[in-house]
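S.K.:
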Ligand SMILES: NC(=O)c1ccc[n+]([C@@H]2O[C@H](COP(=O)([O-])OP(=O)(O)OC[C@H]3O[C@@H](n4cnc5c(N)ncnc54)[C@H](O)[C@@H]3O)[C@@H](O)[C@H]2O)c1
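In the numbering used here, the protein residues as written are 1 to 315.
As structure tokens, then:
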């Protein structure tokens with residue numbers, strides 16, 4: 001298939017480029033990052049495009065069978081709110097509109113676990129039960145989560161007015177060789193003293209996410225479906241019931257879990273609809289103290305992680 005990956009220079013986009021090339025797809029990446037002009041064939045075609053510009057979006061979407069839309073400002077605290085909201089909503093609007101007018105078959109929209117609103121809430125709240133699934137309502141307060149919810153609504157409107165089908169993938173907190181230690185060390189080393197996690201200690205290994213995005217691109221689901229994609233275990237190595245009892249007491253009911261150390265978000269719908277099954281865990285990267293193991297450290301130093309290889313494929 002001819003697949004366009006937006007946000008191709010970002011970590012999720014790059015890991016996805018790597019996954020798609022390995023699976024034999026014809027891949028184009030786009031991002032706001034300047035291209036390299038002197039290169040040869042790096043494995044994927046790259047085009048610089050700012051998706052908030054409708055002309056850029058139409059130009060890059062043209063010819064794609066599937067668009068995997070990763071481009072976004074990935075959280076709300078490093079840019080002013082209006083920039084996060086404008087960039088993320090307009091980029092998704094333009095991708096959806098271009099997909100309809102240019103005859104794309106399918107859009108895989110990278111949404112976020114933050115649609116529930118808990119992660120960046122000014123007035124904090126938490127889910128009443130674990131594991132969290134797609135039935136938990138979206139109650140966003142911040143510009144990033146609001147833009148993700150509107151992005152999913154843009155997918156609803158796109159499939160309502162055309163034959164394009166769509167899947168919104170809601171990843172948890174994305175981890176790769178470059179940030180596993182920084183992100184998860186506090187959870188792994190002392191999850192009972194570290195502040196509680198509103199996602200109930202869920203995370204997603206980037207290579208499982210890239211695989212899930214490919215499965216979503218290749219699947220034939222109708223209409224628009226929103227799916228959580230998470231790792232199977234939680235990011236602490238401890239039983240989820242113990243963590244929740246310690247931090248939330250009776251305020252959070254714990255339902256049936258696939259394993260004692262399950263993450264607090266369920267991927268059952270993704271497994272059912274697109275065959276997603278996570279294959280990686282933080283234990284492939286970190287020791288029991290939360291420190292990076294030698295193999296991932298060396299892979300990173302050599303530039304041989306899937307993220308780095310995906311970026312290198314762009315030139
Ligand atoms: N990182 C996480 O923990 C996480 C969790 C859930 C969802 N997500 C989502 O996953 C996607 C990828 O995030 P990431 O972690 O790889 O972030 P990232 O910042 O590494 O990559 C995002 C890329 O999008 C590009 N981009 C932003 N605005 C653009 C525009 N207007 N036009 C073209 N390109 C644009 C950026 O230049 C960047 O290269 C985003 O949609 C993000 O919201 C991330």
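Glycine included, C-beta positions come from ideal geometry on N, C-alpha and C.
Using the Cβ count rule (16 or more neighbours within 10 Å means buried), how would you classify residue 198?
M.R.: One-based indexing of the chain shown puts residue 198 at position 198. The residue in question, residue 198, is buried, as its Cβ has 16 or more Cβ neighbours within 10 Å.
S.K.: Going by the C-beta, is residue 173 closer than 6 Å to any heavy atom of ligand 1?
M.R.: If you number the chain shown from 1, residue 173 lands on position 173. Yes.
S.K.: Between which two residues does the beta strand (DSSP E) containing residue 171 stretch?
M.R.: Translated into the one-based positions of the chain shown, residue 171 becomes position 171. Start and end: 165-171.
S.K.: Would you call the CB atoms of residue 201 and residue 179 closer than 7 Å?
M.R.: One-based indexing of the chain shown puts residue 201 at position 201. One-based indexing of the chain shown puts residue 179 at position 179. No; because the gap between Cβ atoms is not below 7 Å, this pair is not in contact.
S.K.: Of the choices 169, 130, 144 and 258, whose alpha-carbon is the least far from that of residue 83?
M.R.: Working through the chain shown from its first residue, we reach residue 83 at position 83. Measuring from the Cα of residue 83, the nearest candidate turns out to be 144.
S.K.: Any chance the CB of residue 154 is under 6 Å from a heavy atom of ligand 1?
M.R.: Within the chain shown, numbered from 1, the residue matching residue 154 stands at position 154. Checking every heavy atom of ligand 1 against the Cβ of residue 154, none is found closer than 6 Å.
S.K.: Which two residues bound the contiguous alpha helix (DSSP H) that contains residue 229?
M.R.: As a first step, residue 229 must be located in the chain shown, where it is residue number 229. Here residue 229 belongs to no alpha helix (DSSP H); instead the beta strand (DSSP E) covers 224-229.
S.K.: Any heavy atom of ligand 1 within a distance shorter than 6 Å of the CB on residue 91?
M.R.: Indexing the chain shown from 1 puts residue 91 at position 91. Correct: residue 91 has its Cβ closer than 6 Å to ligand 1.
S.K.: Would you mind sorting residue 217 into buried or exposed? The rule is 16 or more other CB atoms within 10 Å of its CB.
M.R.: Numbered from its first residue, the chain shown carries residue 217 at position 217. With 16 or more other Cβ atoms within 10 Å, it is buried.
S.K.: Would residue 277 be called buried (16 or more neighbouring beta carbons within 10 Å of its own) or exposed?
M.R.: Here residue 277 corresponds to residue number 277 of the chain shown, with the count starting at 1. Exposed.
S.K.: Using a threshold of 6 Å, is the CB atom of residue 52 nearer than that to any non-hydrogen atom of ligand 1?
M.R.: Residue mapping note: residue 52 aligns to position 52 of the chain shown, counting from 1. Yes, the Cβ of residue 52 comes within 6 Å of a heavy atom of ligand 1.
S.K.: Which stretch, first to last residue, makes up the alpha helix (DSSP H) that contains residue 298?
M.R.: Walking along the chain shown from the start, residue 298 turns up at place 298. Per DSSP, residue 298 belongs to the alpha helix (DSSP H) from 294-302.
S.K.: Which whole-angstrom value is the C-beta distance of residue 247 and residue 196, which I expect to be below 8 Å?
M.R.: By 1-based counting over the chain shown, the position of residue 247 is 247. By 1-based counting over the chain shown, the position of residue 196 is 196. Indeed, because the Cβ distance is near 4 Å, the residues count as touching under 8 Å.
S.K.: Checking 7 Å against the spacing of the C-beta atoms, do residue 236 and residue 191 come in under that value?
M.R.: In the chain shown, the residue the question calls residue 236 occupies position 236. In the chain shown, the residue the question calls residue 191 occupies position 191. Yes, the Cβ-Cβ distance between residue 236 and residue 191 is below 7 Å.
S.K.: Which runs of the beta strand (DSSP E) spanning at least 3 residues fall entirely within the stretch 60-99, listed in chain order?
M.R.: As far as the stretch 60-99 is concerned, its whole beta strand (DSSP E) runs of at least 3 residues are 66-69.
S.K.: In the structure shown, what three-state DSSP assignment does residue 129 receive?
M.R.: Position 129 of the chain shown holds residue 129. Three-state DSSP puts residue 129 in a strand.
S.K.: Using 8 Å as the Cβ pair cut-off and three pairs as the minimum, do the stretch 204-216 and the stretch 90-99 touch?
M.R.: Short answer: they don't touch.
S.K.: Residue 285 lies in the beta strand (DSSP E); which residues open and close that run?
M.R.: Position 285 of the chain shown, counted from the start, is the residue given in the question as residue 285. Taken as a continuous stretch (DSSP letters only), residue 285 belongs to no beta strand (DSSP E), as it is neither H nor E.
S.K.: For residue 91, which residues in the same chain have their Cβ closer than 6 Å to its Cβ, ignoring the five residues on either side in sequence?
M.R.: For the purposes of this step, residue 91 is identified with residue 91 of the chain shown, where counting begins at 1. Counting only Cβ-Cβ distances below 6 Å, and skipping sequence neighbours, we find 51, 52 and 71.
S.K.: Which residues share a DSSP beta bridge with residue 4?
M.R.: Translated into the one-based positions of the chain shown, residue 4 becomes position 4. Answer is 28 and 67, bridged to residue 4.
S.K.: Please tell me whether, using a cut-off of 6 Å, the distance from the CB of residue 199 to the nearest non-hydrogen atom of ligand 1 is below it.
M.R.: If you number the chain shown from 1, residue 199 lands on position 199. No, ligand 1 has no heavy atom inside 6 Å of this Cβ.
S.K.: Within the chosen definition, does the stretch 287-307 reach the stretch 154-171 through at least 3 CB pairs nearer than 8 Å?
M.R.: Touching, no.
S.K.: Any idea if residue 212 is buried or exposed, counting beta-carbon neighbours within 10 angstroms, 16 or more meaning buried?
M.R.: One-based indexing of the chain shown puts residue 212 at position 212. When all chains shown are included, residue 212 counts as buried.
S.K.: Could you check what DSSP says for residue 9 in three-state terms: helix, strand or coil?
M.R.: Residue 9 sits at position 9 when you count from the first residue of the chain shown. DSSP places residue 9 in coil when its eight states are reduced to three.
S.K.: Kindly indicate which three-state DSSP category residue 180 falls into: helix, strand or coil?
M.R.: For the purposes of this step, residue 180 is identified with residue 180 of the chain shown, where counting begins at 1. Of the three classes helix, strand and coil, the one that applies to residue 180 here is helix, per DSSP.
S.K.: Consult DSSP for residue 110 and reduce its assignment to one of helix, strand or coil.
M.R.: If you number the chain shown from 1, residue 110 lands on position 110. Note: residue 110 maps to strand in three-state DSSP.
S.K.: Taking the continuous alpha helix (DSSP H) assigned at residue 136, which residues delimit it?
M.R.: Here the question's residue 136 lines up with position 136 in the chain shown. Element bounds for residue 136: n/a, residue is neither H nor E.
S.K.: Counting along the chain, where does the beta strand (DSSP E) carrying residue 153 start and finish?
M.R.: As a position in the chain shown, residue 153 is number 153, starting the count at 1. It is not in any beta strand (DSSP E) - residue 153 instead sits in the alpha helix (DSSP H) that spans 143-160.
S.K.: Quick check on DSSP: helix, strand or coil for residue 37?
M.R.: The count along the chain shown starts at 1 and reaches residue 37 at position 37. DSSP places residue 37 in coil when its eight states are reduced to three.
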